[in-house]
Structures are given as structure tokens and as C-alpha cells.
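Numbering-wise (this note's numbering), the sequence shown opens with residue 336 and increments by one.
Don't be surprised by glycine CBs; every beta carbon is placed ideally from N, CA and C.
Quick caveat, the model's predicted, so the values are computed rather than measured.
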Amino acid sequence: SLEPRISLKYKLSNNFQGKITWSRNSQFEFLISNSVSPFTSLETWLPASPNIKPMNANQLTTGILFNSNNESLTVSLEAFYKEMNNYISYVDHAYMLFNPHIEGEIECGTGESYGFDILLQKPFGKIDGWVSYSFARTMIDIPDINNGVPFPARYDRPHSFNFYINYNPTPKWDITANWVYTSGNPITTPTGFYYYNGYQVPFYDERNNDRLPDYHRLDLSAELNLTRPGKQPGSGYHHSIRFSILNAYGRKNPFSINFNKILKDSGAIVVPKDHNTPPELQTTMMYIYGAIPSISYSFNF
336 SLEPRISLKY
346 KLSNNFQGKI
356 TWSRNSQFEF
366 LISNSVSPFT
376 SLETWLPASP
386 NIKPMNANQL
396 TTGILFNSNN
406 ESLTVSLEAF
416 YKEMNNYISY
426 VDHAYMLFNP
436 HIEGEIECGT
446 GESYGFDILL
456 QKPFGKIDGW
466 VSYSFARTMI
476 DIPDINNGVP
486 FPARYDRPHS
496 FNFYINYNPT
506 PKWDITANWV
516 YTSGNPITTP
526 TGFYYYNGYQ
536 VPFYDERNND
546 RLPDYHRLDL
556 SAELNLTRPG
566 KQPGSGYHHS
576 IRFSILNAYG
586 RKNPFSINFN
596 KILKDSGAIV
606 VPKDHNTPPE
616 LQTTMMYIYG
626 AIPSISYSFN
636 F
């Protein structure tokens, strides 16, 4: 597959420069995922075949970069648009488990991505760091899926914000903080229930009609340099000790969400045994970790 690329950079002044790029890319292997649950073992890798055409994408990116006179501050802004062809996804109610003819559960369509990124960076000094914000959307349009209505891709996370700061109060100490925020991943949740042979069955109306709660966390670390002052890099050994805490304020970022379960006052999760009672659209959440402190020692020679 031919993958041409064109890139043009232009200098507007000593402090401003711009760029514009266009590229065409192809993909010959696909990950088919179940969007009903954000994390699942029902994921299948498929290669391109006589029945599945390779996906190709055309992307146009343009941006501008500003550098201060002493290069102590940089600001960049980029915008992009990407169109995707032969984008594949599984059909509604697909049979994926131990299916030797998985290609029969696949439909093909198009997709588009667009957005912009803003980055403010202070690259050096006693205090350095950067702040970035990204807005991006990815929508999929497959005529035989979701009643022909475009739906967000599984990795569609519109807002992303990152803040990183590094502080060197003395030559021996290095203190950093990193805060991350992103929109939650799209998931498909039931919009109601119907009864079949006396059992409640969840009803799904649209593909990726809901989202997980937003994800955010704060990581902190402090490193103490134990090497003798004045020792040059590359001479002898260097060692340091680092103290860190992941997810410092203990944010419970969801790993998975379940429905039709009852959460008792004690916090216990109960799955109703009587399927003839009205369904409980009570959500329960599973998360992997809270705050995680750690200590590490590094020795280089």
C-alpha cells in the first residue's frame, strides 16, 4: 500500500513558525471490541482478507509555534482532520465467542476525527513544566449499525487536560507534580428492560450511548540525589532515592460499571435472585486502585 506524506514548514518571524502536513496511512490488522463493557476479554484481532479490506486514513494537520526570545517559553497550537475508509465494527448482537466465521459478524463503514491541541511549555529553569489541553472527536458511520446513525468511537474522549510541574529547590532535591484529566470512555448501557419467558432482558437502544465518569488523578514525587556534590556525570557511580505517590487524593476512577444490581446500606453488592421483580437500574462500580505510595532507590555506574 502506498503511503505518501507531504510536510511543509514555514518561518513567519524569528519567534513564529508554522507547519502543514498531509499523510495517508493504511492498516491491515484490526481489533474488534465489545463496546457494551469498557473492558472485556471478548476482543479479536483480525487481519485484512478477501472479505475485509484494509482500512486507510487521510489526515491533514496544521499548526503554529511561538518561541520567546530566550526560548524560555514556547506555545504551540495544532489542529487536525482525519477521514477513515473501510472502518469495521461488529454488528448488533454479534456472536463473537468461539465463532469460526467471525467475518460474518463484521460491517464496514467510514469514520472521521477532528480536533486541536494547545501546549504551553517552560522547558528549563528552577521551575519548569508544561500545560496542555486537547479537544478531539471521533465519529463512526456504518449504515447497518446503530440504525445508520453515526456514533462515537470507543476511544472518543473529547477533553484531555495535562499539567506537569518540576521544581528544583536545591541541587539535591527534584520535586514533581503531574495532574491528568480526560473525558470518560464511551460505553453502551441499557435503556430499559423487557420480559422474555418470565426473565428480564436488558434492552440496548444505541451504540456507545453513555460514558464512564471522567478520569483524573494527581501524581506526586520527590527525588533526593545522594551523589557527592560536584561529581561530574559519567565519573564513578551516581545514586538517588525517590518518594512518590500515585493518585495522591485517592480518586476512584471506574474500571467497569455494572447494572441491575442492588447496593445495600452496608456497601454489599447483591444480584437479585427474583428476576420477576421490577429491575433495579442501580449502577455499581469497580475500580483498581486508590492512592499508591512507593519508594525506590537508583544506582548508576
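- The Cβ atoms of residue 473 and residue 452 do not sit closer than 8 Å to each other.
- Scanning the region 512-571 for uninterrupted beta strand (DSSP E) segments of 3 residues or longer gives 527-531, 534-538 and 550-560, listed from N- to C-terminal end.
- About 5 Å separates the Cβ atoms of residue 619 and residue 593, confirming a contact at the 8 Å cut-off.
- Ranked by Cα distance from residue 424, the options 467, 344 and 366 are led by 366.
- Taking one beta carbon from each stretch, the region 411-425 and the region 463-478 have 3 or more pairs nearer than 8 Å; the two touch.
- Remark: C-beta atoms of residue 523 and residue 539 approach each other more closely than 8 Å.
- Residue range 494-502 is occupied by the beta strand (DSSP E) that includes residue 501.
- Checking the DSSP bridge columns, you'll see residue 340 partnered with 358.
- Non-local beta-carbon contacts of residue 383 in its own chain, meaning distances under 6 Å to residues more than five positions away in sequence, involve 363 and 389 in chain order.
- Residue 463 and residue 439 have their C-alpha atoms roughly 54 Å apart.
- Apart from the 5 residues on each side of it in sequence, residue 587 sits with its Cβ closer than 8 Å to the Cβ of 620, 622 and 625 in its chain, given in chain order.
- For residue 469, the enclosing beta strand (DSSP E) stretches over residues 462-476.
- Residue 393 sits in a strand when the DSSP states are folded into three classes.
- Counting other Cβ atoms within 10 Å of its Cβ, residue 634 stays below 16 and is therefore classed as exposed.
- DSSP places residue 451 inside the beta strand (DSSP E), whose first and last residues are 441-457.
- In the DSSP assignment, residue 632 falls within the unbroken beta strand (DSSP E) covering 627-635.
- Excluding the 5 residues flanking it on each side, residue 493 has same chain C-beta neighbours closer than 7 Å at 470, 471, 472 and 518, in chain order.
- For residue 414, the enclosing beta strand (DSSP E) stretches over residues 409-425.
- Here residue 364 carries a strand assignment [DSSP, helix/strand/coil].
- DSSP, reduced to helix, strand and coil, places residue 437 within a helical segment of the structure shown.
- For residue 578, the enclosing beta strand (DSSP E) begins and ends at 573-581.
- It is roughly 8 Å from the alpha-carbon of residue 481 to the alpha-carbon of residue 427.
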